[in-house]
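Numbering (the working numbering), first residue to last: 10 to 216.
Every residue, glycine too, gets a C-beta built ideally from N, C-alpha and C.
The structure appears right after this line, and notes come after that.
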Ligand SMILES: [Mg+2]
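Structural data, given as structure tokens:
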């Protein structure tokens, strides 16, 4: 049976400038106030940041796992009040018989907060794999995907990953997953088997 793997931010819920600004502000505040790192977040772009974020944070938090955990929980405690209810998505997920998982670079708390806000039942999902569970590996890193697959005993050839960040799809494609990019604008030269403008459109077309 095919397993459906969902990213959270900008995939299960659509892009929100308010949520992104809160994330960026929290990262900047934490690094400045606790580690004296001045991180300029003007024009912060998750996709660009994702390419360097892992190595950047690995350097800052070398040998400081406890502090990194605190940082991760702090930056993911964002205000999700701007997200709109999505009963259509809740319906879609409810009628699909597949095993479903959430695979996120954020935290379980951010998942729970977001799902509650958009009215999607958390019981649709068999598992939530977050940044803590990955051992602070980001989804640009193949090891993050391997740890996710190992935790749930999944065969990548039987997984479909839905994700808005094309860089996160590369390791998944290399491992053999089917990859779906959720993007408002079609992209070229990326590791996506399919592209759709929204998650409901993708689920409608594929299942
Ligand atoms: Mg995302």
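1. Confirm, please, whether the CB-CB distance from residue 18 to residue 170 is below 9 Å.
2. What does DSSP give as the partner residues of residue 204 in its beta bridges?
3. Could you tell me the distance, in whole angstroms, from the CA atom of residue 203 to the CA atom of residue 110?
4. Between the C-alpha atoms of residue 150 and residue 121, what's the straight-line distance to the nearest angstrom?
5. Mind checking residue 118: buried by the 16 CB within 10 Å criterion, or exposed?
6. At 3 residues or longer, and completely inside the segment 123-185: list those beta strand (DSSP E) runs for me, N to C.
7. Within the structure, which residues are defined as neighbours of ligand 1 by a Cβ-heavy atom distance below 6 Å, reported in chain order?
8. Note down the Cα distance separating residue 33 from residue 116, rounded to an integer number of angstroms.
9. Excluding sequence positions up to five away, which residues of its chain have a Cβ less than 6 Å from the Cβ of residue 155?
10. From residue 102 to residue 94, what does the alpha carbon distance come to, in whole angstroms?
11. Which runs of the beta strand (DSSP E), 3 residues or longer, sit entirely within the segment 39-113?
12. Please classify residue 206 as buried or exposed, where buried requires at least 16 neighbouring CB atoms within 10 angstroms.
13. Report yes if the C-beta distance between residue 35 and residue 86 is below 9 Å; otherwise report no.
14. Going by DSSP, which residues form a beta bridge with residue 14?
15. Would you mind sorting residue 71 into buried or exposed? The rule is 16 or more other CB atoms within 10 Å of its CB.
16. Are residue 208 and residue 11 closer than 9 Å when you measure CB to CB?
17. Which one of 177, 77, 132 has the shortest CA to CA distance from residue 187?
Walking through what the data contain:
1. no
2. 190
3. 19 Å
4. 24 Å
5. exposed
6. DSSP runs (the beta strand (DSSP E)) wholly in the segment 123-185: 136-138, 168-172.
7. 16, 18, 19, 20, 173, 174
8. 16 Å
9. none
10. Rounded to the nearest angstrom, the two C-alpha atoms are 14 Å apart.
11. 108-112
12. exposed
13. The beta carbons of residue 35 and residue 86 sit closer together than 9 Å.
14. 110, 170
15. Exposed, because fewer than 16 other Cβ atoms sit within 10 Å of the Cβ of residue 71.
16. no
17. 177
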